[in-house]
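Our numbering numbers the first residue of the sequence shown as 488 and each following residue consecutively.
Have a look at the structure below, then the notes.
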Amino acid sequence: MTKLSVNINKVATLRNSRGGNVPNVLQFAKDVQRFGAEGITIHPRPDERHIRYQDARDLKPEVFTEFNIEGNPVESFINLVMEVKPTQVTLVPDAVDAITSNAGWDTVKNKLFLIDVIKEFQNKGIRTSIFVDPDLKQIEGAKRTGTDRIELYTEAFAYQYSLGNKKAVKPYVVCAELANKLGLGVNAGHDLSLDNIAFFKNEIPGLLEVSIGHALIAESLYLGVENVIQMYLNRLK
């Protein structure tokens, strides 16, 4: 069964829009785990416009499943991860002003930088994952960095699937097959939803984990959080 990690950034966005502590990010994280989620993902950005650095610290004792922190490994992010020591760190090359992640790493050009950062995290016992596009060259490059896993950037698949193009999953299948062969764990995330998750999971060999936030929170507005978590878990069996 593929693990479901719930990205709670959007809960923090809603909280920050009014100030105060409603909705409560810590309570939401505890609840979705109680409902069956197998991990919590956060993606703190330097401007702290949704998840704040202090949230990461406060969440650590509340996450009894797996804690995944995503982000661009700038100095402040590296320091935060080293302090909190989550289960996994996912390296994402997003710009400071990016609305959301929109590209994977060039693992060839950034090989030496990634090697250094990954080694630093692994020395602290933190599992590492690199956000990558579905490109065989980038999967091979990821292997040379020493990372434990890759996270396939699935926006292109999700968009094409919504248009009825199921063949859009093929590059992801091929990349997952190569990753499996190279001994890299395979995660995936971005625009995965109740509509496409079962198809994607069934097509991708060795899919270990999916990180889902925006769609899950939006779907929960209509269907309820506990119900939506169960719906995802059923599709990921």
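The beta-carbon is built from N, C-alpha and C at its ideal position, and this holds for glycine as well.
On a predicted model such as this, the values are computed, not experimentally measured, just so you know.
Q. Nearest to Lys-572 by CA position, among Val-715, Asn-559, Thr-615 and Asp-518, is which residue?
A. Thr-615
(Q) Taking DSSP's pairing of strands, which residues face Ala-675 in a bridge? (A) Leu-639 and Val-697
**Q.** Where Gly-523 falls: helix, strand or coil (DSSP)
**A.** coil
Q. Out of curiosity, what's the CA-to-CA distance linking Met-569 and Glu-557?
A. 13 Å
**Q.** Candidates Glu-525, Asn-508, Gly-523 and Leu-491: closest to Asp-542 by CA position
**A.** Asn-508
Q) Is Gly-700 buried or exposed, if buried means 16 or more other CB atoms sit within 10 Å of its CB? A) buried
(Q) Quick check on this structure: which residue in Phe-686, Arg-539 and Phe-551 has the alpha carbon closest to the alpha carbon of Lys-654? (A) Phe-686
(Q) Would the segment 661-676 count as touching the segment 611-628 if we require 3 or more Cβ pairs under 8 Å? (A) yes
(Q) By DSSP's criteria, Ser-492 is part of a beta bridge. Which residues make up the other side? (A) Gly-526 and Ser-698
Q: Determine, using beta carbons only, whether Leu-513 and Glu-549 come nearer to each other than 8 Å.
A: yes
Q: Within the same chain, show all residues whose beta-carbon is closer than 8 Å to that of Asn-667, passing over the 5 residues directly before and after it, in chain order.
A: Val-673, Pro-692 and Gly-693
Q: Mind checking which residues open and close the beta strand (DSSP E) that includes Val-576?
A: 575-578
Q: Spell out a yes or no on whether the segment 530-542 and the segment 489-503 are touching, meaning 3 or more CB-CB pairs, one atom from each, closer than 8 Å.
A: yes
Q) Buried or exposed: which applies to Leu-650, given that a residue is buried once 16 or more other Cβ atoms fall within 10 Å of its Cβ? A) exposed
Q. Just the Cα atoms here: how many angstroms apart are Asn-683 and Glu-638?
A. 17 Å
Q) With distances taken between CB atoms, is the gap from Glu-607 to Thr-574 smaller than 8 Å? A) no
Q) My guess is that Glu-696 and Thr-489 are in contact by the Cβ rule of under 8 Å, so how many angstroms apart are they, rounded? A) 6 Å
Q: Under 6 Å Cβ to Cβ from Val-604, same chain only, skipping five residues before and after it: list those, please.
A: Pro-560
Q) Should Asn-555 be labelled buried (16 or more other beta-carbon atoms within 10 Å of its own) or exposed? A) buried
Q.
I'd like to check one pair, Ala-702 with Leu-671: are the Cβ atoms closer than 8 Å?
A. no
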